[in-house]
């Protein structure tokens, strides 16, 4: 929801143009996006306009003290100079009157409310219990370029971790530490890409330098997330429980191998856990050409571990629902080829959390 709201205010949009006029004139403003009956019932005073929206009209109307109500599609200016009535029971940590009203009104109506600060010359977006302060484009570009660089470095480390895991799985020598390291990197890459997406949205037409998408990024993230399906502990309900736990970790917990291990359902003592783990096979089987994921799931359900898939005969693989003779042969050939051509990789000296 917040991402969608940010898109409405990307540089180059009609709404942002009007907001920029207000900021450039060093004026303040309070703008509500939405004119439902419930929303209008919580306003008083002002006057009805109901005219087409233009950036210039928004700027001129902001010179008055009250709030401006726009239609939800931002095509009409509905009312101007209105007072927003909010319940005294709704909490707010904002101090300024304008921002406090915006925060409380957004919580009560669940509409997007924008507050332009006259003293700080900033724009703040409020939506339900969330708020977002927009930064200057120069600051955003600098941060975005740093994130892009970090993403590239962490992606290289993730690819290396995947190669290490391939070797370990084919050698039957996977440790919990191998798994945790790969998951840390995958989640770091996923979060960096999410952050970059937010920068692209917030920068709008000024984000040309960020439009390049690393071709293998999506594949690497999807492959990395399959590590969780391969190794979550059987004590958990299912993989979704591990996914929720790992995706919910804050940055400090994500940097701690013990927290990753616990989220997977294992002991927190990662370094002293020498048990050899058996992958279910989701990630490796997903690398086999022309095998859809539902077939991969059927194979894993039948054989339980990658080791058992490796030693299964073509006829046994054919017995799996959805697997034909050609597919069974492809699976056997691909896994055998992976094993025969695997070379022990070097460990990259790059921390996932520098």
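In this note's numbering, the protein residues as written are 30 to 383. All C-beta atoms in this analysis are idealised placements derived from N, C-alpha and C, irrespective of residue type, glycine included. Fair warning: this is a prediction, and the values are worked out from it, not measured in the lab.
Can you tell me the Cα-Cα spacing of residue i and residue j, whole angstroms?
{"i": "residue 157", "j": "residue 130", "result": "13 angstroms"}
{"i": "residue 373", "j": "residue 281", "result": "31 angstroms"}
{"i": "residue 368", "j": "residue 206", "result": "22 angstroms"}
{"i": "residue 328", "j": "residue 349", "result": "6 angstroms"}
{"i": "residue 51", "j": "residue 214", "result": "43 angstroms"}
{"i": "residue 84", "j": "residue 43", "result": "7 angstroms"}
{"i": "residue 81", "j": "residue 324", "result": "54 angstroms"}
{"i": "residue 191", "j": "residue 89", "result": "57 angstroms"}
{"i": "residue 384", "j": "residue 229", "result": "There is no way to answer for residue 384, as the model of the chain reaches only from 30 to 383."}
{"i": "residue 380", "j": "residue 173", "result": "Legend: pLDDT at residue 380 = 49, less than 50; position of this residue unreliable, no value from coordinates given."}
{"i": "residue 120", "j": "residue 46", "result": "32 angstroms"}
{"i": "residue 103", "j": "residue 127", "result": "21 angstroms"}
{"i": "residue 382", "j": "residue 78", "result": "At residue 382, the pLDDT of 44 sits below 50, so the modelled position is not reliable; the number obtained from the coordinates is stated separately. Roughly 53 angstroms separates the two Cα atoms."}
{"i": "residue 168", "j": "residue 312", "result": "39 angstroms"}
{"i": "residue 117", "j": "residue 193", "result": "58 angstroms"}
{"i": "residue 255", "j": "residue 159", "result": "31 angstroms"}
{"i": "residue 109", "j": "residue 147", "result": "18 angstroms"}
{"i": "residue 91", "j": "residue 241", "result": "38 angstroms"}
{"i": "residue 170", "j": "residue 182", "result": "18 angstroms"}
{"i": "residue 304", "j": "residue 201", "result": "11 angstroms"}
{"i": "residue 197", "j": "residue 124", "result": "56 angstroms"}
{"i": "residue 132", "j": "residue 152", "result": "13 angstroms"}
{"i": "residue 354", "j": "residue 261", "result": "31 angstroms"}
{"i": "residue 288", "j": "residue 101", "result": "43 angstroms"}
{"i": "residue 296", "j": "residue 286", "result": "11 angstroms"}
{"i": "residue 166", "j": "residue 238", "result": "13 angstroms"}
{"i": "residue 352", "j": "residue 332", "result": "13 angstroms"}
Let's see if you can read the secondary structure: which residues bound the alpha helix (DSSP H) around residue i?
{"i": "residue 160", "result": "Taken as a continuous stretch (DSSP letters only), residue 160 belongs to no alpha helix (DSSP H), being part of the beta strand (DSSP E) at 159 to 162."}
{"i": "residue 155", "result": "From DSSP, residue 155 is part of no alpha helix (DSSP H) but of the beta strand (DSSP E) over 152 to 156."}
{"i": "residue 33", "result": "31 to 37"}
{"i": "residue 103", "result": "Run containing residue 103: none; DSSP gives neither H nor E here."}
{"i": "residue 253", "result": "246 to 260"}
{"i": "residue 267", "result": "Residue 267 -> no alpha helix (DSSP H), and no H or E assigned at all."}
{"i": "residue 323", "result": "322 to 332"}
{"i": "residue 240", "result": "From DSSP, residue 240 is part of no alpha helix (DSSP H); its letter is neither H nor E."}
{"i": "residue 283", "result": "280 to 283"}
{"i": "residue 369", "result": "354 to 370"}
{"i": "residue 130", "result": "126 to 138"}
{"i": "residue 122", "result": "Here residue 122 belongs to no alpha helix (DSSP H), and DSSP marks it neither H nor E."}
Quick one: what does DSSP say residue i is sitting in, helix, strand or coil?
{"i": "residue 348", "result": "coil"}
{"i": "residue 386", "result": "Given a span of 30 to 383 for the chain in the structure shown, any question on residue 386 remains unanswerable."}
{"i": "residue 114", "result": "coil"}
{"i": "residue 380", "result": "The predicted position of residue 380 is uncertain, since its pLDDT is 49 and thus under 50; no value can be drawn from it."}
{"i": "residue 48", "result": "helix"}
{"i": "residue 193", "result": "helix"}
{"i": "residue 180", "result": "helix"}
{"i": "residue 81", "result": "strand"}
{"i": "residue 289", "result": "helix"}
{"i": "residue 218", "result": "helix"}
{"i": "residue 203", "result": "strand"}
{"i": "residue 73", "result": "strand"}
{"i": "residue 233", "result": "helix"}
{"i": "residue 68", "result": "helix"}
{"i": "residue 299", "result": "coil"}
{"i": "residue 313", "result": "helix"}
{"i": "residue 319", "result": "coil"}
Where does the unbroken beta strand (DSSP E) through residue i begin, and where does it stop?
{"i": "residue 303", "result": "Note, residue 303: premise wrong, no beta strand (DSSP E); not H, not E."}
{"i": "residue 60", "result": "58 to 62"}
{"i": "residue 96", "result": "96 to 99"}
{"i": "residue 141", "result": "141 to 145"}
Would residue i pass as a contact of residue j if the rule is Cβ separation under 8 angstroms?
{"i": "residue 65", "j": "residue 113", "result": "no"}
{"i": "residue 163", "j": "residue 224", "result": "no"}
{"i": "residue 111", "j": "residue 57", "result": "no"}
{"i": "residue 292", "j": "residue 306", "result": "no"}
{"i": "residue 95", "j": "residue 63", "result": "no"}
{"i": "residue 371", "j": "residue 189", "result": "no"}
{"i": "residue 209", "j": "residue 299", "result": "yes"}
{"i": "residue 227", "j": "residue 32", "result": "yes"}
{"i": "residue 246", "j": "residue 184", "result": "yes"}
{"i": "residue 40", "j": "residue 316", "result": "no"}
{"i": "residue 142", "j": "residue 155", "result": "yes"}
{"i": "residue 180", "j": "residue 222", "result": "yes"}
{"i": "residue 35", "j": "residue 48", "result": "no"}
{"i": "residue 363", "j": "residue 318", "result": "yes"}
Can you tell me the Cβ-Cβ gap for residue i and residue j, rounded? I've got them flagged as a contact below 8 angstroms.
{"i": "residue 250", "j": "residue 212", "result": "Not quite, the Cβ-Cβ distance comes to about 12 angstroms (not below 8 angstroms), so this is no contact."}
{"i": "residue 97", "j": "residue 87", "result": "7 angstroms"}
{"i": "residue 413", "j": "residue 264", "result": "Within the shown structure, residues of the chain are numbered from 30 to 383, placing residue 413 beyond reach of any answer."}
{"i": "residue 357", "j": "residue 338", "result": "Their Cβ separation, rounded to whole angstroms, is 11 angstroms, which puts residue 357 and residue 338 out of contact at 8 angstroms."}
{"i": "residue 321", "j": "residue 259", "result": "About 18 angstroms; that fails the 8 angstroms criterion."}
Under 8 angstroms, Cβ to Cβ, is there at least one residue of chain D near residue i?
{"i": "residue 49", "result": "Chain labels in this structure do not include chain D; a single protein chain is all it has."}
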